[in-house]
Amino acid sequence: MSAMTKRRRWSLLVTVGAGLLLITMDNSILYTALPTLTEELQASNTQNLWIINAYPLVMAGLLLGSGTLGDRIGHTRMFVVGLVIFGLASLLAAFAPSPEVLIAARAVLAVGAAAMMPATLALIRTTFTVERERNFAIAVWGSMSVIGFALGSIIGGTLLEFFWWGSVFLINVPVVVLALVATWLIRPANDPDPSKRWDAISSILVMIGLVGTVMAIKEIGHAPPSATTIIVALLVAAIGFWLFVRRQRGMEQPLLEFSIFGNPAFTAGVLAASFAMFAIGGIQLVTTQRFQQVAGFSPLEAGLLVAAIAVGTLPTALLGGAFLHRTGLLALITGGLAFATGGVVVTVIGFQSSFGVLILGLLLTGAGIGAALAVASTAIIGNVPVRRAGMAASIEEVSYEFGSLIAVSVLGSLLTAIYGARVVLPDGAPDAAGNSIAEAQAAAQGDAEILQAAATAFDSAYLVVMLVVAVVLAVGAVITGVLLRRYLPGTQSQLHSEH
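Numbering (this note's numbering) for the sequence shown: 1052 to 1550.
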């Protein structure tokens, strides 16, 4: 790519940042909107799972292929195509007449997002050629991910205060139009590489593996679980992933070259992104539900509460990128995950004692995640040669979406399972009240005993889920600490080899 002026470089960063903001907002915008959607569309628990999970699941399946396709046809073109698909799918979702149509629209949204997402990071990697400037640009990019997660909850809650539920999707359309206009004005070079091959079959195999995994997790959390369903789902997942790995090893130009995971900084960055997004997605999902369904918060109030994570994230993400060349990867990635672990513990303590302490815990959690997440992006994209920029960007985005997908699947199922195991309903209460707190509230018809039993069980489940998040972050800190033990202050954050 030919050199761009400083003004055009930073304008491009703003433009791709807007695209990334849309993508990550749509990952979280339904967390606050889910209770309203359930009521308005009469969605079942299973439909709710797929309304949320269709987006990260399809995106994770397509991301590896879209990065390579971006290498082939040019990342600028992929970004524009993704924006158009995303805008059209947003219109479909906004006016969906049924849960099934909304699930389909969310899947199409993911197609647009998968086209855009690797392009955003690949364009930064090829446009910002000076390491320190690139580190800061990637830190800004990483911050947009967390800000988008927070804004999704806030904007979703705000729109639901004044408009119908479809407005949470319609808001995407004007942003898409502005990003398209900005891209046309900046005109970044496209630089296609026709020698690259795109393999749709590999993407399908990944999605088969992911669908099987999600189905197994959901069934494990069901009461009572079906052993047959779990075994079949796990078998489907194993076959899908095995065929994918086998296919990659036999291809001249695979979507995923497993050799790049031999670089410990790259692998640590991928893992850190997954652990961080698992924590963010899980905390937002269960916290917005708990404070709406038990404490009576409005969607906006619940969105503002979980936005504390993003408030804590922004300064550490920007400072981490700016000072990475001095601190090294170990301090920021491993230290950030460890700090976030402590933040979740403080949140749990605050939940049981003081609302102010709970908010402090969310801020501290965000501060730790911000440092780890922004620098994880640099570790990933900076430790591969330019010719693999698209592949690295795709792997990074898969780690983001995989973390979010597993958080919703595992923690959502865990929340439901623990609620069902802990709820002690009064005699004569409807059986449906034992399935979920939403069904308990609908079946209670104002019965204070049923409502109190449901709230007590849900609070127990919330505490367990939050402690699981803390354990996962602690495990992430240990693993990345081992991988990054040599990346101390003063060590190079990036490789400059083309080998």
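Even glycine gets a Cβ: it sits at the ideal position worked out from N, Cα and C. Note that this is a predicted model, so its numbers are computed, not measured.
(request) Quick one: grab the DSSP three-state call for residue 1402. (result) For the purposes of this step, residue 1402 is taken as the residue at position 351 of the sequence shown. In this structure, residue 1402 counts as helix in the three-state DSSP scheme.
(message) Using 7 angstroms as the threshold, is the C-beta distance between residue 1118 and residue 1242 below it?
(response) By one-based count along the sequence shown, residue 1118 stands at place 67. By one-based count along the sequence shown, residue 1242 stands at place 191. No, they are not a contact pair.
(message) Is the separation between the beta-carbon of residue 1234 and that of residue 1066 shorter than 7 angstroms?
(response) As a first step, residue 1234 is located in the sequence shown; it is residue number 183 there, counting from the start. As a first step, residue 1066 is located in the sequence shown; it is residue number 15 there, counting from the start. Cβ atoms of residue 1234 and residue 1066: closer than 7 angstroms.
(message) Just to confirm, is the Cβ distance from residue 1458 to residue 1342 under 7 angstroms?
(response) For the purposes of this step, residue 1458 is taken as residue 407 along the sequence shown, with counting starting at 1. For the purposes of this step, residue 1342 is taken as residue 291 along the sequence shown, with counting starting at 1. Not a contact, by the Cβ cut-off of 7 angstroms.
(message) Quick check: what's the CA-CA separation for residue 1267 versus residue 1279?
(response) What you label residue 1267 is simply residue 216 of the sequence shown in a count that begins at 1. What you label residue 1279 is simply residue 228 of the sequence shown in a count that begins at 1. Approximately 10 angstroms, taken between the alpha carbons.
(message) Between which two residues does the alpha helix (DSSP H) holding residue 1326 run?
(response) For the purposes of this step, residue 1326 is taken as the residue at position 275 of the sequence shown. That run of the alpha helix (DSSP H) goes 1315-1344.
(request) Give every residue of the same chain whose Cβ lies closer than 6 angstroms to the Cβ of residue 1158, excluding the five residues on either side of it in the sequence, and list them in chain order. (result) Start at 1 with the first residue of the sequence shown, and residue 1158 comes out as number 107. Once the five neighbours on either side are set aside, the close Cβ partners of residue 1158 are 1105 and 1109.
(message) Give me the residue from 1491, 1292, 1079 and 1192 with the minimum Cα distance to residue 1574.
(response) Given a span of 1052 to 1550 for the chain in the structure shown, any question on residue 1574 remains unanswerable.
(message) Please classify residue 1482 as buried or exposed, where buried requires at least 16 other C-beta atoms within 10 Å of its C-beta.
(response) The residue given as residue 1482 occupies position 431 in the sequence shown. Flag for residue 1482 reads exposed.
(message) The alpha helix (DSSP H) that contains residue 1084, what's its start and end?
(response) Numbered from its first residue, the sequence shown carries residue 1084 at position 33. Where residue 1084 is concerned, the enclosing alpha helix (DSSP H) stretches over 1057-1092.
(request) Excluding the 5 residues preceding and the 5 following residue 1387 in the sequence, name in chain order all residues of the same chain whose CB lies nearer than 6 angstroms to its CB. (result) Locating residue 1387 in the sequence shown gives position 336, counting from the first residue. Counting only Cβ-Cβ distances below 6 angstroms, and skipping sequence neighbours, we find 1419, 1422 and 1423.
(request) Could you tell me whether any Cβ in chain B is nearer than 7 angstroms to the Cβ of residue 1239? (result) Within the model displayed, chain B is absent; a lone protein chain is all it includes.
(message) Within a Cβ cutoff of 6 angstroms, which residues of the same chain sit near residue 1064, ignoring the five residues on either side of it in sequence?
(response) Residue numbering aside, residue 1064 sits at position 13 when the sequence shown is read from its first letter. Hits under 6 angstroms: 1188.
(message) Output needed for residue 1071: all residues of its chain with C-beta closer than 6 angstroms, excluding positions within five of it in sequence on either side, in chain order.
(response) Position 20 of the sequence shown, counted from the start, is the residue given in the question as residue 1071. Excluding positions up to five away in sequence, the list reads 1171 and 1195.
(request) Pull up the distance between the alpha-carbon of residue 1352 and that of residue 1336, whole angstroms please. (result) For the purposes of this step, residue 1352 is taken as the residue at position 301 of the sequence shown. For the purposes of this step, residue 1336 is taken as the residue at position 285 of the sequence shown. Approximately 14 angstroms between the Cα atoms of the pair.
(request) Return yes when the Cβ of residue 1333 is within less than 7 angstroms of the Cβ of residue 1518, no when it is not. (result) Here residue 1518 is taken as the residue at index 467 of the sequence shown, counted from 1. Here residue 1333 is taken as the residue at index 282 of the sequence shown, counted from 1. No, Cβ-Cβ distance for residue 1518 and residue 1333 is not below 7 angstroms.
(request) Could you tell me if residue 1452 is buried or exposed, where buried requires 16 or more neighbouring beta carbons within 10 angstroms of its beta carbon? (result) By one-based count along the sequence shown, residue 1452 stands at place 401. So residue 1452 ends up on the buried side.
(request) Locate the alpha helix (DSSP H) running through residue 1511, then write down its first and last residues. (result) As a position in the sequence shown, residue 1511 is number 460, starting the count at 1. Start and end: 1499-1534.
(message) Are the CB atoms of residue 1288 and residue 1450 within a distance shorter than 7 angstroms?
(response) Along the sequence shown, read from residue 1 onward, the residue named residue 1450 stands at position 399. Along the sequence shown, read from residue 1 onward, the residue named residue 1288 stands at position 237. Not in contact: residue 1450 and residue 1288 (Cβ atoms no closer than 7 angstroms).
(message) Could you tell me the alpha carbon to alpha carbon distance between residue 1183 and residue 1443, rounded to whole angstroms?
(response) By one-based count along the sequence shown, residue 1183 stands at place 132. By one-based count along the sequence shown, residue 1443 stands at place 392. Looking at the two C-alpha atoms, the distance is approximately 19 angstroms.
(request) Assign residue 1084 to buried or exposed, taking buried as 16 or more other Cβ atoms, counted over all protein chains shown, within 10 Å of its Cβ. (result) As a working note, residue 1084 is residue 33 in the sequence shown. Per the 10 Å Cβ criterion, buried.
(message) In the DSSP assignment, the alpha helix (DSSP H) including residue 1617 goes from what residue to what residue?
(response) With the chain covering 1052 to 1550 only, the question about residue 1617 has no answer from this structure.
(request) Quick one: residues in its chain with C-beta nearer than 6 angstroms to the C-beta of residue 1368, no 5 flanking neighbours on either side, listed in chain order? (result) Taking the first residue of the sequence shown as 1, we reach residue 1368 at position 317. 1190, 1193, 1194, 1421 and 1425.
(message) Suppose you measure from the CA of residue 1427 to the CA of residue 1501; what does that come to, to the nearest Å?
(response) Mapped onto the sequence shown, residue 1427 falls at position 376. Mapped onto the sequence shown, residue 1501 falls at position 450. Looking at the two C-alpha atoms, the distance is approximately 46 angstroms.
(request) Leaving out five residues on either side along the sequence, give the residues of the same chain with a beta carbon under 6 angstroms from the beta carbon of residue 1068. (result) What you label residue 1068 is simply residue 17 of the sequence shown in a count that begins at 1. Cβ within range, chain order: 1195.
(message) If distances are taken between C-alpha atoms only, which option among 1103, 1236, 1359 and 1285 comes closest to residue 1409?
(response) Position 358 of the sequence shown holds residue 1409. Nearest option by C-alpha distance: 1359.
(message) What does the alpha-carbon distance come out to for the pair residue 1362 and residue 1469?
(response) For the purposes of this step, residue 1362 is taken as the residue at position 311 of the sequence shown. For the purposes of this step, residue 1469 is taken as the residue at position 418 of the sequence shown. Cα to Cα, residue 1362 sits roughly 31 angstroms from residue 1469.
(request) May I have the straight-line CA-CA distance separating residue 1217 from residue 1230, to the nearest angstrom? (result) Working through the sequence shown from its first residue, we reach residue 1217 at position 166. Working through the sequence shown from its first residue, we reach residue 1230 at position 179. C-alpha separation (whole angstroms): 21 angstroms.
(message) Do residue 1165 and residue 1140 have their beta-carbon atoms positioned less than 7 angstroms apart in this structure?
(response) Within the sequence shown, the letter at position 89 stands for residue 1140. Within the sequence shown, the letter at position 114 stands for residue 1165. Contact flag unset, no.
(request) Quick one: using the 10 Å Cβ neighbour count with 16 as the cut-off for buried, is residue 1531 buried or exposed? (result) By one-based count along the sequence shown, residue 1531 stands at place 480. So residue 1531 ends up on the buried side.
(request) Take residue 1138 and list the residues in its own chain whose beta-carbon comes closer than 6 angstroms to its own, dropping the five residues that flank it on each side. (result) Within the sequence shown, numbered from 1, the residue matching residue 1138 stands at position 87. These residues qualify, in order along the chain: 1224 and 1227.
(message) Comparing C-alpha positions only, which one of 1075, 1169 and 1522 sits nearest to residue 1131?
(response) Numbered from 1 along the sequence shown, position 80 holds the residue referred to as residue 1131. For the residues 1075, 1169 and 1522, the minimum Cα distance to residue 1131 belongs to 1169.
(request) Alpha carbon to alpha carbon, how far is residue 1494 from residue 1509? Give it in angstroms, no decimals. (result) On the sequence shown, position 458 is the one that residue 1509 refers to. On the sequence shown, position 443 is the one that residue 1494 refers to. Using only the alpha carbons, I get a separation of about 16 angstroms.
(message) So within the segment 1087-1162, which uninterrupted alpha helix (DSSP H) runs reach at least 4 residues, ignoring any that extend past its ends?
(response) 1096-1124 and 1126-1145
(request) Have a look at 1254, 1293, 1497 and 1210 and flag the residue whose alpha-carbon is nearest the alpha-carbon of residue 1445. (result) Against the sequence shown, residue 1445 aligns to sequence position 394. Residue 1254 is the option with its Cα nearest to residue 1445.
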